[in-house]
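Peer 1:
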Amino acid sequence: MAKVMAVNAGSSSLKFKLYEMPEEKVLCSGNAERIGWEDAIFGIKWGDQSEKTVLPILDHARAVELVVQALIDKGIIKSMDEIIAVGHRIVQGGKYFSHSELFNKDTEDKIESLIPLAPLHNKAHLVGFRAFKKILPNVTSVAVFDTAFHQTMEPQDYVYPIPYEYTKKYDCRRYGAHGTSHNYLAQKATAYFGGKNPKIISCHIGSGASITAIKDGKCVATSMGLTPLGGIMMGTRTGDIDPSVMNYLCKCTGLSVEEMYQIFNKKSGLLGVSEVSNDSRDIAKACEEGNELALLADKLFIRRVADFIGQYFVRLGGADMIIFSAGIGENSSEFREKIVDEIAPALHVEIDKELNKTIHGKECLISTPNSAMKIAVIPTDEEVMIARDAYSFYLKDNK
Ligand code: AMP
5 MAKVMAVNAG SSSLKFKLYE MPEEKVLCSG NAERIGWEDA IFGIKWGDQS EKTVLPILDH
65 ARAVELVVQA LIDKGIIKSM DEIIAVGHRI VQGGKYFSHS ELFNKDTEDK IESLIPLAPL
125 HNKAHLVGFR AFKKILPNVT SVAVFDTAFH QTMEPQDYVY PIPYEYTKKY DCRRYGAHGT
185 SHNYLAQKAT AYFGGKNPKI ISCHIGSGAS ITAIKDGKCV ATSMGLTPLG GIMMGTRTGD
245 IDPSVMNYLC KCTGLSVEEM YQIFNKKSGL LGVSEVSNDS RDIAKACEEG NELALLADKL
305 FIRRVADFIG QYFVRLGGAD MIIFSAGIGE NSSEFREKIV DEIAPALHVE IDKELNKTIH
365 GKECLISTPN SAMKIAVIPT DEEVMIARDA YSFYLKDNK
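Number 15 in the working numbering belongs to position 11 of the sequence shown; there are no gaps in the numbering.
(1) Which class does L31 belong to by DSSP, given the choice of helix, strand or coil?
(2) Quick one: does the C-beta of N335 sit closer than 7 angstroms to a heavy atom of ligand 1?
(3) Considering only the alpha carbon of each residue, which of V8, L106, P373 lies closest to D401?
(4) Following the continuous alpha helix (DSSP H) through T111, name the residue where it begins and the one where it ends.
(5) Which whole-angstrom value describes the C-beta separation of I180 and F149, a residue pair presumed to lie in contact below a C-beta threshold of 8 angstroms?
(6) Quick check on the burial criterion: 16 or more other C-beta atoms within 10 angstroms. Buried or exposed for A380?
(7) Would I215 and G235 be called neighbours here (beta carbons separated by less than 8 angstroms)?
(8) What residues are listed by DSSP as bridge partners for A44?
(9) How is the alpha helix (DSSP H) around R392 delimited, first residue to last?
(10) Mind checking Y23: buried by the 16 CB within 10 Å criterion, or exposed?
(11) Verify the contact flag: D385, CB atom, against every heavy atom of ligand 1, threshold strictly below 7 angstroms.
(12) My understanding is that I343 touches I306, with C-beta atoms under 8 angstroms, so please give their C-beta distance in whole angstroms.
(13) Since A135 contacts G14 with CB under 8 angstroms, what's their CB separation in whole angstroms?
(14) Under the rule that 16 or more other beta-carbon atoms within 10 Å means buried, what is S54, buried or exposed?
(15) Identify the continuous beta strand (DSSP E) that holds R241 and give its terminal residues.
(16) Taking contact to mean at least 3 C-beta pairs separated by less than 8 angstroms, is the segment 236-249 in contact with the segment 191-201?
(17) Of the residues G365, L70, G314, which one's Cα is nearest the Cα of E346?
(18) So for Q96, helix, strand or coil by DSSP?
(19) Which word fits L18, buried or exposed, when buried means at least 16 other C-beta atoms lie within 10 angstroms of its C-beta?
(20) What residue range is occupied by the uninterrupted alpha helix (DSSP H) comprising C256?
(21) Under the criterion of a Cβ to heavy atom distance below 7 angstroms, does R285 qualify as lining ligand 1?
(22) Grouping DSSP H, G and I as helix and E and B as strand, with all else coil, what is M84?
(23) What number of angstroms, rounded off, separates the C-alpha of I81 from the C-alpha of M9?
(24) Roughly how many whole angstroms lie between the Cα atoms of C32 and L230?
(25) Ligand 1 and H182: does the residue's C-beta get closer than 7 angstroms to at least one heavy atom of that ligand?
(26) Name the residue from G221, K21, M238 whose alpha carbon lies nearest to the alpha carbon of R308.
(27) DSSP state of L130, grouped into three classes?
(28) Between the Cα of K366 and those of D385, M377, W50, I355, spot the shortest distance and give me the residue it belongs to.
(29) For Q284, which of helix, strand or coil comes out of DSSP?
(30) Decide if the segment 51-67 is in contact with the segment 150-170; the criterion is three or more beta carbon pairs, one per stretch, under 8 angstroms apart.
(31) For Y316 and A193, which I take to be in contact (beta-carbon distance under 8 angstroms), what is that distance rounded to the nearest angstrom?
(32) Look at the Cβ atom of S281, then the Cβ atom of L275, and state whether they are nearer than 8 angstroms.
What follows is the structure, encoded as C-alpha cells:
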C-alpha cells in the first residue's frame, strides 16, 4: 500500500499529513509545535481520534521520530516501509523551479542558496527535509515550491522598475507565494466549466493573503512580491505601500530599517490599523461594538482586496470566475458579501446572499445565474497537491 507524507516544516513547527495514494485518503494529520522547547506540543489526529501531548522536542529530528513512532503506536502504519514518498513544502524556489523537483544535492544547494530570499522558511524546510531523510533514508523525497506556479508570469508582470542591474545581479523580482494553493484552486475550478480552463481571479485570503490571475491553468499575475510581505494588506503585514514609507518612518522613529521591516511584517495590516487583533473574527466583533479603528481596518482590507480583483479583471481581459479560499475566504460570509458589494457596480457580479451566509469551510457556488462571473467558495488543500507530486515522482522513480 502506498502511503505518502506531506510535510510543512517551519522554524519551530512541523506539520504533517499522511495519505493513502492514489485514493488521496487522509490517514492522519498532526503538528509538532514549539520545537526547541522543553514544553513543546505534539498533536496528532487519526480516524475520529486525536491526542495532544506536551513534552520536550529539542529539534526537528526528534519531531520526526515522534511522528514515525506515533504512526506505528496508533496502528496507522505497521512498518516504516509503507511510507514510499515524502513531499516537502518549500516557500521559495526562486527562478530555479517552475515545478516540483526530486530532492538531490542540486535541489538542496539551490534551496540553500535561496535562504536570503526567505530566511525563516527555506532554512526550516531544509532542516525538516534532513530530519526526514535521516529516519526514512530511502524514500522518494520531493520539494514542492510555493513559487513554482507563478513562474509562468511574463517579465512585465514580475520585473520591478528598479535599476535592471539589481534585477539581474540579485534576482530581485516578484516571485509570489501560495502558488500550490492557487494551482489547486485553478484545477478545482475546471469542474464548473466542463473541464475547460476558465479565466480565474483566485483569492487566497487567510492570515497571509494573495490574489492570483490565472488563464489557461497558468498564473499570469500575482499580488505577493519578492517576499510574502507584498500585495494586499494582511493580518499583520502591510502589503504594498510606497517604499518611501520605510525611509520616512525610520527617520521619524529612529528605528532601524530591520526594526521597521519587522513592524511591516508582524505589527501592521489588520492588527496595525485596528490596534485590536490580526484575526478577522476579533475585528468583526470590535466593528459590531463600534470600534472606529476596527471599522477603518475592515474597510481598508475590503478596498485593497477589491482593488486587486479589479486590476486582475483588466489583466485577464475579463474573468469567468472569482474564487474565495483560505481562513477568511472560506469562512467569513461577511467578508465575501462586502467584497461583492464593492466590485458589483463595475463587474456586474451577484451572489445569493442567503446561501452565502450558510457557507463556512465548504465548497459552493454562491453566484446567481444573473452574475457576470461565477463566484465560488473552494476550500484550499495544499497538502494534497504536495502528496500528489511526491506520489507521481515515486511512480516515475519506480517504473
Ligand atoms: P489561514 O491563514 O488560512 O489559516 O487563515 C487564518 C485566518 O482566517 C484567521 O486569522 C482568521 O482571521 C480567519 N478565520 C478563520 N476562521 C474564521 C471564521 N470562522 N470566520 C472569519 N474568519 C476566520
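Where is the CB? At the ideal position from N, CA and C, for every residue including glycine.
None of the values given here were measured: they were computed from a predicted structure.
Peer 2: On the basis of the data shown:
(1) To locate residue 31, count along the sequence shown from 1; it is residue 27. Strand at L31.
(2) Working through the sequence shown from its first residue, we reach residue 335 at position 331. Yes, the Cβ of N335 comes within 7 angstroms of a heavy atom of ligand 1.
(3) Within the sequence shown, the letter at position 397 stands for residue 401. The option with the nearest alpha carbon to D401 is L106.
(4) Here residue 111 corresponds to residue number 107 of the sequence shown, with the count starting at 1. Here the alpha helix (DSSP H) through T111 covers 109-117.
(5) For the purposes of this step, residue 180 is taken as residue 176 along the sequence shown, with counting starting at 1. For the purposes of this step, residue 149 is taken as residue 145 along the sequence shown, with counting starting at 1. First, the residue type needs correcting, since residue 180 is Gly and not Ile in the sequence shown. About 11 angstroms separates the two Cβ atoms, so there is no contact after all.
(6) The residue given as residue 380 occupies position 376 in the sequence shown. Buried, since its Cβ has 16 or more Cβ neighbours within 10 Å.
(7) Mapped onto the sequence shown, residue 215 falls at position 211. Mapped onto the sequence shown, residue 235 falls at position 231. Yes.
(8) Residue mapping note: residue 44 aligns to position 40 of the sequence shown, counting from 1. DSSP lists L59 as partners of A44.
(9) One-based indexing of the sequence shown puts residue 392 at position 388. Unbroken alpha helix (DSSP H) run through R392: 386-401.
(10) Numbered from its first residue, the sequence shown carries residue 23 at position 19. Y23 is buried by the Cβ-count criterion.
(11) Here the question's residue 385 lines up with position 381 in the sequence shown. For ligand 1, not one heavy atom lies less than 7 angstroms from the Cβ of D385.
(12) Counting from 1 along the sequence shown, the entry for residue 343 is found at position 339. Counting from 1 along the sequence shown, the entry for residue 306 is found at position 302. That pair is a contact at about 6 angstroms.
(13) The residue you call residue 135 lines up with position 131 of the sequence shown. The residue you call residue 14 lines up with position 10 of the sequence shown. In fact, because the Cβ distance is near 13 angstroms, the residues do not count as touching under 8 angstroms.
(14) Against the sequence shown, residue 54 aligns to sequence position 50. Exposed, by the Cβ-count rule.
(15) Here residue 241 refers to the residue found at position 237 when the sequence shown is read from its first residue. Note, R241: premise wrong, no beta strand (DSSP E); not H, not E.
(16) no
(17) In the sequence shown, the residue the question calls residue 346 occupies position 342. Considering only alpha carbons, the answer is G314.
(18) The sequence position of residue 96 within the sequence shown is 92, counting from 1. Note: Q96 maps to coil in three-state DSSP.
(19) Position 14 of the sequence shown, counted from the start, is the residue given in the question as residue 18. When all chains shown are included, L18 counts as buried.
(20) Counting from one through the sequence shown, the residue named residue 256 turns up at place 252. C256 -> alpha helix (DSSP H) spans 248-257.
(21) Taking the sequence shown and counting its residues from 1, one reaches residue 285 at position 281. Correct: R285 has its Cβ closer than 7 angstroms to ligand 1.
(22) By one-based count along the sequence shown, residue 84 stands at place 80. M84: helix per DSSP, three-state reduction.
(23) Within the sequence shown, residue 81 is the residue found at index 77, counting from 1. Within the sequence shown, residue 9 is the residue found at index 5, counting from 1. So the two alpha carbons sit approximately 12 angstroms from each other.
(24) Locating residue 32 in the sequence shown gives position 28, counting from the first residue. Locating residue 230 in the sequence shown gives position 226, counting from the first residue. Looking at the two C-alpha atoms, the distance is approximately 34 angstroms.
(25) As a working mapping, residue 182 is identified with position 178 in the sequence shown. No.
(26) For this step, residue 308 is matched to residue 304 along the sequence shown. Selected option, being the one with the closest Cα: M238.
(27) In the sequence shown, counting from the first residue as 1, residue 130 sits at position 126. In this structure, L130 counts as helix in the three-state DSSP scheme.
(28) Translated into positions along the sequence shown, residue 366 becomes position 362. Checked all of D385, M377, W50, I355; the closest Cα to K366 is D385.
(29) The sequence position of residue 284 within the sequence shown is 280, counting from 1. Inspection of the sequence shows that residue 284 is occupied by Ser rather than by Gln. It is helical.
(30) no
(31) The sequence position of residue 316 within the sequence shown is 312, counting from 1. The sequence position of residue 193 within the sequence shown is 189, counting from 1. Not a contact, Cβ separation roughly 14 angstroms.
(32) Along the sequence shown, one-based indexing puts residue 281 at 277. Along the sequence shown, one-based indexing puts residue 275 at 271. Yes, they are a contact pair.
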